[in-house]
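Have a look at the structure below before the remarks.
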Amino acid sequence: MSSYLFKRIFTMIITIFGVSVLVFIIIHLIPGNPVNHILGDFATEESIKELEMRLGLDRPILVQYFSYMFQAFQGDLGTSYITGYTVVEEILNRIPITAQLALYSIIFGSITGIIIGVIAAVKKNTIYDQLAMVLALIGISAPGFWIALFLILLFSYQLNIFPISGYDGFYSLILPSITLGLGTAGSIARMTRSSMLDVIKQDYIRTARAKGAGTYRLIFRHSLQNAIIPVVTLIGMQFGYLMAGAVVTETVFALPGLGSLIVSAISTRDIPTVQGLLLFMAAMIIIVNFVIDLLYTKLDPRIQYE
Amino acid sequence: MNRKRYVIFIALIVFMLIVSGCNRSKDSGVNKGNDREIVVGLVSEPDSVDIHRTSSTGEANIPLYDTLLKQDNDGNIVPNLITDYEVIGDGKEVIFNLKEDAVFHSGKPVNAEAVKLSFERLVSSSPFSTNAGDIDSIEVLSDYSFKITWKDQFAPFFINATTPFLAPLDVSVLNAKGEGFEKNPSGSGPLKLVKVNRGDSLVYEPYKNFDWRGQPGFDSVKFRFIPDEETRILEFKKGNVHVLLDVPYQYIEDLEKDSEVTIKRVQSDTLSYLGWNNKQPIFQDVKVRQAIALAIDRESIIQNTLNGEAQAVFGPLPKTVFGYSEKIETMAREKYTRDIEAAKKLLSEAGWNETNKDGVVMKDGKEFSVDLWVDDDPANQRAAQVIQNQLMEIGMKITISVKEAATIIEQTPKGAHEMLLWSYGWPDADVLNFLLFGKDKSKRLHYENEKIYSILDKAAIEMKQDARSKLYEEAQEMLVEESPFIPLYVKENVTAIRNFESFEIHPINNTIDWPSVKVSK
Amino acid sequence: MKKNKGAVVGAMILLFFIITSALAPVIAPYPINEMNFEDSLQGPSMAHWLGTDEFGRDIWTRMLYGGRVSLLMGLFAVTLSGTIGVILGVLAGYYRKLDIYIMQFIDILMTFPSLLMAIAIVAVLGVGLTNAMIAVAISVVPSFVRVVRGSVLSIRETEYVEASRAIGVKNWKIICKHILPNVASPIIILATLEFGGSILSAAALSFLGLGAQPPNPEWGALVFVGKSFLSQAWWMTLFPGLAIMLVVLGFNLLGDGLRDALDPRSK
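Chains as they are written, first to last, in numbering that gives the first Met the number 0: chain W, 0 to 305; chain H, 0 to 520; chain P, 0 to 266.
Here it is in structure tokens:
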């Protein structure tokens, strides 16, 4: 276990390092010099040189990279040239919203997904099963942005149940979480169904049944509990998907989270913000997956790593 | 073993719920106590409230500042923060006397020293520093009087000083590096910034030391940024937004049916134009440029994409701008009213006389095909499609490329574009010089014409207004003939409001006149 | 057998969209870009089955042409990413020395969720249909590499491959003759599933204004334009979105069916 942990941490560091290089390359490939953007139409040769020096953009690219990383490890991801805010400030301002959105989506997705999956597994090969699986597939196939528009029109505008846009506590995150969680719900429903079917086939369930355990007791006490393991992994894998989905969802619902920040930063060529955000999001995803991996071993002691 | 697994899973869920619960409590209770809160809905957040940093001014950062001079409702330049000014000698030196009771939001007086420091920061670091002219020195003469000396006469200064770009900013709130204004902003305008919710809203309150002509008619103003058109409309219809700026054109009729809603229209000073990179070989021939001008039907664009809420403009300057001439406008209107046959004739005279199977004109085996850049504003994208169809009628094939405004601003000075649908808004004809056609300053159009350079240079230093207008008229006459770009229209700025006793918008510069705003009981 | 019913339904949905898109110039009732201002924002009717847009253009016509764009975008993305994915996957799976480098690189790419990756790539390349396709393709590459590598690894250890190697058959011959044919089915299954996924990502990019440009009727772009008129002309948004959903659903159903039929492990 400890040698596995060591190896896992090692690859995690390598991956974060690689991600930082990749992000740095992508950022430097983005056309347009930030200095031109800051100084606008009336920049002179001199003022460009001076600002480049002030921002350290005249140094060799490797030097820029290492100084950036050195500061990043000290918790400084740079300062936006345009807004004057540090990237860390911006992230801290907005992360509660994105984190809640991701969390509620996962909760919504897991609960609906597990319920639908269990129904499908228990009623295997009936019309309920088929209906449940078609629903799950629709959840995966429907474009979130499109669903969101009609959810807003129906529930917020016509029925006046939810706020239309903006962030105002838990209530304002219900529709966005449903939008974002639909895909997750679909994937989890499918996974729950198939892993439950696997478990039901197994000997101890047959034994339990032979011993006269009731159906519901059987479902919850034995099958679901064991079937939950692959579902937890799936939830971990969904985290990255949710981060990306947040970009679209936050844009539609005008939520001031990380996703809408990255869209606006890209469109204003706010390079430090884009760079810091990409790095931060990637690091978050890597760390979450790492934690899920560890949880996985805790949840299922049968799992052994090389 | 089973139980242990179960406990961990449940613990995880509980932990998640607790974490989310903590975050929730934080945001409740804000603004609940304010009964006279105004919510203004606008498209995008200003990149900065620091007037020396921002690339664009808007309703959400302008009220932080009060200007040295201002335009009255008829467009005359009148004193505001200053009581008077005196032009000395040949006009290179001007002495300004400040009002003595103006105070920054920080409580510090707006005195000569403060204004001098603000100008120095502007000159050293603002992207718009050229609007102050080429300043040689600023001298504090007494507590409330200072003198600016320019290297050359700079006639546009007085009108430029009515824009917030030249408004005094309180430099005492800056840190040692001269930054940090956005954390602790202080101007001398009607609204004081009290809360910044990045990405969501800016909250202001009326500044008590501002001259409110009585009592402020509201307790706070929240500018909410809602990028999506549809969402913005729905929020207004539902009553969550009281002032809707830039009402999407397709919804104006709809809102007019609502008796609680008042629609305010002010003609903007921003001229939309169809321009191109005049250095591109395809646009070298004046006949081609005139043909494009003749192919455009402004009314059709206005009726079908802007719901009729715009005025067609044919000459280079719109009506509200100093330097506008009725004569030029009439001349341009007569010359370029849509005439497809005349346009086709000009094109074929220019050598574009074959037509391929798609109906595109050809010259030397090459088809007339250009790329049109447009920003991501939905109304502009619609206009671009109508223009595309109109130009296709004379056989010009247009491909539309949507670019972010930042990209257009950055790429056009390098000449990376062919055609673009863009706009400019500036209260003075000097814009022809510093942005459109000046020597090495033709950022978007890349037009070169020595005669026009020399006229524009002369006009910039001509201190007599009559002589100055004459020079601009001369320049505009040449521009109409040469057709290096096509002025299209000035849009009506449409604002929808509900529940106000009174609410005025300045007819010239289009900003909300906050002292006039009174919320209904 | 039951599953294959799904696959048949999926295939039928796809067939419908492929045929109508292919025949767009023949069956479209109106010219695609013809503006007819008197008819703007008309609801569904006999003259305009799915209504008209803000310029009076027929939505049904535009969707037929838009289907060509959306389906071709998916095809392009899957072909490009599949090709790159197969090459890298085979290299990683067959030449074990390369494995660690390639997979580390893929792990790094995998860290970025595909849509986020695509947005970053569009930021570099610029907004537009072609760039959006490339961005989507690149973001799908890692899943192909993983699947191909896994299959190659298992085949590599089989007796006939080891035997071929022992008698000195050249590596590229082994790859072409034994490995590639055997990894074909997982590739086909994944390609089918990713086809739908790519259409969805491309539509999301267009919806953010980063993909197809007006007046291109790509389905995501139609939803993007339609949302400006949502409360007065719901048909502009509803139908293109429905088309995206159905096509993606079709690919998912077909992919599931193929998996059941081709992948022995899932039985």
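Think of the CB as a built atom: it goes at the ideal place given N, C-alpha and C, for glycine as much as any other residue. Predicted model only: the values in this text are computed from it and were never measured.
Check	Outcome
C-beta neighbour in chain P for residue 184 of chain W, strict 8 angstroms	no
As assigned by DSSP and simplified to three states, the class of residue 308 of chain W	Nothing can be reported for residue 308 of chain W, as the shown portion of chain W is limited to 0 through 305.
Contact with chain H by residue 212 of chain P, beta-carbon distance below 8 angstroms	yes
Proximal chain W residues relative to residue 252 of chain P, where beta-carbon distance stays under 8 angstroms	136
Alpha-carbon to alpha-carbon, residue 92 of chain W and residue 25 of chain H	Since pLDDT at residue 25 of chain H reaches only 38, below the 50 mark, its modelled position is unreliable, and the value read off the structure follows with that caveat. Cα to Cα, the separation comes out at about 12 angstroms.
Proximity winner among P:231, P:61, P:111 and P:19, relative to residue 135 of chain P (alpha-carbon distances)	P:111
Cβ distance (whole Å) where residue 84 of chain P is taken to contact residue 140 of chain P below 8 angstroms	5 angstroms
Supposed close pair residue 103 of chain H, residue 185 of chain H - CB separation, criterion 8 angstroms	5 angstroms
Boundaries (first-last residue) of the alpha helix (DSSP H) holding residue 92 of chain W	86 to 121
Residue(s) in a DSSP beta bridge with residue 597 of chain H	Outside the shown range of chain H, which is 0 to 520, sits residue 597 of chain H, and nothing can be said about it.
Chain-ordered neighbours of residue 107 of chain P on chain W, where CB pairs are closer than 7 angstroms	14, 17, 18 and 21
Reduced DSSP secondary structure (H/G/I, E/B, other) of residue 220 of chain P	helix
Beta bridge counterpart(s) of residue 200 of chain H as assigned by DSSP	H:196 and H:223
Pairwise C-alpha distance: residue 102 of chain W and residue 177 of chain W	11 angstroms
Residue-level contact to chain W via CB, residue 20 of chain P, 8 angstroms cutoff	no
Pick from H:319, H:309 and H:291 that is closest to residue 340 of chain H, judged by C-alpha positions	H:291
Within the segment 453 to 511 of chain H, ranges of the alpha helix (DSSP H) (whole runs, at least 4 residues)	464 to 481
Cα-Cα separation between residue 379 of chain H and residue 420 of chain H, rounded to whole angstroms	8 angstroms
Exposure label - residue 129 of chain H; buried when at least 16 CB within 10 Å	buried
Chain-ordered neighbours of residue 120 of chain H on chain W, where CB pairs are closer than 8 angstroms	In chain order: nothing, as chain W lies at least about 14 angstroms away.
Inter-residue spacing [alpha-carbon to alpha-carbon] between residue 366 of chain H and residue 360 of chain H	6 angstroms
Min CB distance residue 239 of chain H to chain P below 8 angstroms	no
Residues bridged to residue 84 of chain H [DSSP beta-bridge criterion]	H:95
Where residue 361 of chain H falls: helix, strand or coil (DSSP)	strand
Local Cβ density within 10 Å of residue 234 of chain H, reported as buried at 16 or more and exposed below that	buried
Endpoints, alpha helix (DSSP H) assigned at residue 250 of chain W	224 to 252
Neighbouring residues, chain P, relative to residue 152 of chain W (Cβ below 8 angstroms)	229, 230 and 233
Every unbroken alpha helix (DSSP H) within the segment 317 to 343 of chain H, with a cutoff of 4 residues, ordered by chain	325 to 335
Between the CA atoms of residue 126 of chain P and residue 482 of chain H - distance to the nearest angstrom	30 angstroms
Residues, ordered as in the chain, of the segment 105 to 133 of chain P that lie near chain W by beta-carbon distance below 9 angstroms	106, 107, 108, 109, 110, 111, 112, 113, 114, 115, 116, 117, 118, 119, 120, 121, 122, 123, 124 and 125
Residues of its chain near residue 132 of chain P, where Cβ-Cβ distance is below 6 angstroms and the 5 sequence neighbours each way are ignored	72, 75 and 76
Short CB-CB distance (under 8 angstroms) between residue 279 of chain H and chain P	no
Reduced DSSP secondary structure (H/G/I, E/B, other) of residue 147 of chain P	helix
Short CB-CB distance (under 8 angstroms) between residue 407 of chain H and chain P	no
Sequence-distant residues of its chain with Cβ nearer than 6 angstroms to residue 246 of chain H (five each side left out)	493 and 495
Against chain C: residues of the segment 354 to 377 of chain H by CB proximity under 7 angstroms	Within the model displayed, chain C is absent; protein chains W, H and P are what it includes.
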